[in-house]
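Q: Residue numbers 2 to 481, in our numbering, belong to the letters of the sequence shown in order. So that we are looking at the same thing, I have put the structure below in structure tokens.
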Amino acid sequence: MLPANASPAVLDGDAPYRLLSDGRLLQTAGTLAVLDPATEQPVGQAPDCPPELLDATVLAGQAAFPAWAARPLAERAACLVALGKAVEANADPLARLLTAEQGRPLAMARQEVLTCVHWCRQVARMEQPVAEHTDPAGVRWETRRVPLGVVAAVVPWNFPLMIAVIKLAPALLAGNTVIVKPSPFTPLATLRLGELAAGIFPAGVLNVLSGGDALGPQLTAHAGIAKVSFTGSTATGRRVMASAASTLKRLTLELGGNDAAIVLPDVDVPRVAKKLFMGAFLNSGQICIAAKRIYVHESVYEAFAQAFAAIAGAAKVGPGADERSLIGPVQNRPQYERVKELVEATRAAGHRFIAGGELPAGPGYFIPPTVVDNPPDDARVVVEEPFGPIVPLLRYADVDEAVRRANASEWGLGASVWSQDVAQARAIAGRLQVGTVWINTIHLLNPHAPFAGRKQSGLGVENGVEGLMEFSAPQTLAVA
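In structure tokens form, the structure reads like this:
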């Protein structure tokens, strides 16, 4: 374990990308090309973990688990603080690498890196509760939390580094060992995170394995895995749940969303239009908690639509490495084709675009911010989660209607309410069937605030003490 006063490691950007397994940094015979979504050109080769190395890594995690779980909480927390320090010291190269493989503008990539630092430090301050009482017969009851074993953290491509840390930090603090599996589309920054972790955590405690499409199912079905924490689509989440059933693995599933924003008639239209533009199109709309259906009161609809469309039309779309870019590319070819098909289907259905709708020629997975003017509620762009830079504006007449339509979704991840009357906004929030409601803001997450979805947006909780407890089980002692 890294001494408390040791200087953090400095990444070598020219070094090959390696897996972290049982404290060792390894290359493999097979590799995966990782493409820059702005150019469609390779930016690196990631190792492709073979099944036998996965088995060895799970065994290493199991072997390391008892000693790690027995370490004092303060020592486990110190390792997280050290990891945050190492990430902070390498913030610039990690941000550049994130932009190259994920596509978002460099300033936003740097913010993701710094969020990882903040998360490590804040999670390190947490503790799990212990409940104690003595019954009338004099029996002393104590319920404490105990770690589970080896945790699989399966990470998507939209925020690869941040979501990895959101999972691994509480899992490690709770006393588990962890295997992080990044998306094959965006493994590089997470592999560099593994390099930093190699000098901080004991062998086998934190492992990072990249690989192709076969690796995820192998990991989630593996008999040696005690818990899976997965972030991704609802469809894939169902498959993860099925693969975990044979051994009754514990699960946290953070899945899809079709978040509604409700704009009340008393808003400052230009201000809210600007905020909701970023709420819909940040990271090219590739955020589970993006505003994907924007309900605007009929009295301000035309003014809001005009302001929103003007912002969309003026937004600079381009490579993330270009400091002028506000909107980068869609991250990968399959997602680009899905969003492209939705744009084409929206046009074929006769719905009106008030911004975007035309795809540029040339390399890169670029789709300009596309705004659809008041399509019907059964339109695909309303019903489906696009996970890309297209959003409908929807006109409503009264609050009851807006709430009913907002709740008419199979998902229930988040929502936002926009009004100068905070009391009214809070009342509306209480009627929305979602896990998180933002009032006059959007996208805010906090290490100490639980984040959970309802309906088909997932199972379990991330963040906060409740999220920390997801990585442990209650153990009750009765002392007579």
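The beta carbon of each residue, even a glycine, is placed where N, CA and C say it ideally should be.
Over what stretch of residues does the beta strand (DSSP E) that includes Pro148 continue unbroken?
A: As a first step, residue 148 must be located in the sequence shown, where it is residue number 147. Segment 141-148, the beta strand (DSSP E) holding Pro148.
Q: Give me the Cα-Cα distance between Phe282 and Thr237, rounded to the nearest whole angstrom.
A: Residue numbering aside, residue 282 sits at position 281 when the sequence shown is read from its first letter. Residue numbering aside, residue 237 sits at position 236 when the sequence shown is read from its first letter. When rounded, the distance between both Cα atoms is 24 Å.
Q: Ala380 and His352 look like a contact to me (Cβ under 8 Å); what is the Cβ gap, rounded to whole Å?
A: As a position in the sequence shown, residue 380 is number 379, starting the count at 1. As a position in the sequence shown, residue 352 is number 351, starting the count at 1. Right, the Cβ-Cβ distance comes to about 6 Å (below 8 Å), so this counts as a contact.
Q: Give the single residue among Val373, Met127, Pro9, Lys341 whose Cα lies nearest to the Cα of Ala362.
A: Within the sequence shown, numbered from 1, the residue matching residue 362 stands at position 361. Taking only the C-alpha atoms, the option nearest Ala362 is Lys341.
Q: Given this structure, state the Cα-to-Cα distance separating Gly225 from Asp136, to the nearest angstrom.
A: Taking the first residue of the sequence shown as 1, we reach residue 225 at position 224. Taking the first residue of the sequence shown as 1, we reach residue 136 at position 135. In this structure, the alpha-carbon of Gly225 lies about 38 Å from that of Asp136.
Q: So, for Val346: in the same chain, excluding its five sequence neighbours on each side, which residues have a beta-carbon less than 7 Å away from its beta-carbon?
A: Counted from its first residue, the sequence shown places residue 346 at position 345. For the record, residue 346 in the displayed sequence is Ala; it is not Val. Beyond the five residues adjoining it in sequence on each side, Ala346 comes within less than 7 Å, by CB distance, of Arg381 in the same chain, given in chain order.
Q: Can you list, in chain order, the residues of its chain with a C-beta nearer than 6 Å to that of Leu27? Leave out the 5 residues immediately preceding and following it.
A: Numbered from 1 along the sequence shown, position 26 holds the residue referred to as residue 27. Here the set comprises Arg19, Leu20.
Q: Between the segment 148-155 and the segment 174-188, do at least 3 Cβ pairs fall closer than 8 Å?
A: yes
Q: Does the count of Cβ pairs from the segment 44-57 and the segment 78-97 closer than 8 Å reach three?
A: no
Q: Can you pull the DSSP bridge partners for Ile263?
A: Stepping through the sequence shown from its first residue, residue 263 is reached at position 262. DSSP lists Tyr296, Val418 as partners of Ile263.
Q: For Asn464, does the three-state DSSP call read helix, strand or coil?
A: The residue labelled residue 464 in the question sits at position 463 within the sequence shown. In the structure shown, Asn464 sits in coil (DSSP, three-state: anything other than H, G, I, E or B).
Q: Starting from Thr442, trace the beta strand (DSSP E) both ways and give me its first and last residue.
A: By one-based count along the sequence shown, residue 442 stands at place 441. No beta strand (DSSP E) holds Thr442; DSSP gives it neither H nor E.
Q: Would you call the segment 451-462 in contact with the segment 249-261, where contact means no fewer than 3 C-beta pairs closer than 8 Å?
A: yes
Q: Counting pairs of Cβ atoms below 8 Å between the segment 36-49 and the segment 304-323, do you hit three or more?
A: The segment 36-49 vs the segment 304-323: in contact.
Q: For the alpha helix (DSSP H) containing Leu446, list its first residue and its last residue.
A: On the sequence shown, position 445 is the one that residue 446 refers to. It is not in any alpha helix (DSSP H) - Leu446 carries neither H nor E in the DSSP assignment.
Q: So, for Phe367: in the same chain, excluding its five sequence neighbours on each side, which residues have a beta-carbon less than 7 Å away from its beta-carbon?
A: Working through the sequence shown from its first residue, we reach residue 367 at position 366. Cβ neighbours of Phe367 beyond the five flanking positions: Val318, Pro330, Pro361.
Q: Kindly indicate which three-state DSSP category Leu252 falls into: helix, strand or coil?
A: In the sequence shown, counting from the first residue as 1, residue 252 sits at position 251. Looking at Leu252 - three-state DSSP - the assignment turns out to be strand.
Q: What is the DSSP secondary structure of Thr100, counted as helix, strand or coil?
A: Residue numbering aside, residue 100 sits at position 99 when the sequence shown is read from its first letter. Thr100 falls in the helix class under three-state DSSP.
Q: Tell me which same chain residues have a C-beta within less than 6 Å of the C-beta of Val140, skipping the five on either side of it?
A: What you label residue 140 is simply residue 139 of the sequence shown in a count that begins at 1. Here the set comprises Ala479, Ala481.
Q: Tell me which residues share the same chain as Asn208 and place their Cβ nearer than 6 Å to its Cβ, disregarding the 5 neighbours each side in the sequence.
A: Walking along the sequence shown from the start, residue 208 turns up at place 207. Result list for Asn208: Leu21, Ser22, Thr58, Ile180, in chain order.
Q: If you draw a straight line from the alpha carbon of Ala403 to that of Val270, how long is it in whole angstroms?
A: Residue numbering aside, residue 403 sits at position 402 when the sequence shown is read from its first letter. Residue numbering aside, residue 270 sits at position 269 when the sequence shown is read from its first letter. One C-alpha to the other measures close to 18 Å.
Q: If you reduce the DSSP assignment to three classes, tell me which class Gln287 lands in.
A: Sequence index remark: in the sequence shown, residue 287 carries index 286 (1-based). Coil at Gln287, not helix or strand.
Q: The beta strand (DSSP E) that contains Ala479, what's its start and end?
A: The residue you call residue 479 lines up with position 478 of the sequence shown. Here the beta strand (DSSP E) through Ala479 covers 473-480.
Q: Should Asp49 be labelled buried (16 or more other beta-carbon atoms within 10 Å of its own) or exposed?
A: One-based indexing of the sequence shown puts residue 49 at position 48. Buried, since its Cβ has 16 or more Cβ neighbours within 10 Å.
Q: Where does the unbroken alpha helix (DSSP H) through Phe388 begin, and where does it stop?
A: Along the sequence shown, read from residue 1 onward, the residue named residue 388 stands at position 387. Unbroken run through Phe388: none, as it is neither H nor E.
Q: Leaving aside the five residues before and after Leu169 along the sequence, list all residues of the same chain whose C-beta is less than 7 Å from its C-beta, in chain order.
A: Here the question's residue 169 lines up with position 168 in the sequence shown. Excluding positions up to five away in sequence, the list reads Ala154, Val179, Val181, Leu207.
Q: Apply the 10 Å Cβ neighbour rule to Leu445 and answer buried if 16 or more other Cβ atoms are within range, or exposed otherwise.
A: Start at 1 with the first residue of the sequence shown, and residue 445 comes out as number 444. Looking at its Cβ environment, which holds fewer than 16 other Cβ atoms inside 10 Å, Leu445 is exposed.
Q: Under three-state DSSP, which class holds Tyr397?
A: On the sequence shown, position 396 is the one that residue 397 refers to. Looking at Tyr397 - three-state DSSP - the assignment turns out to be strand.
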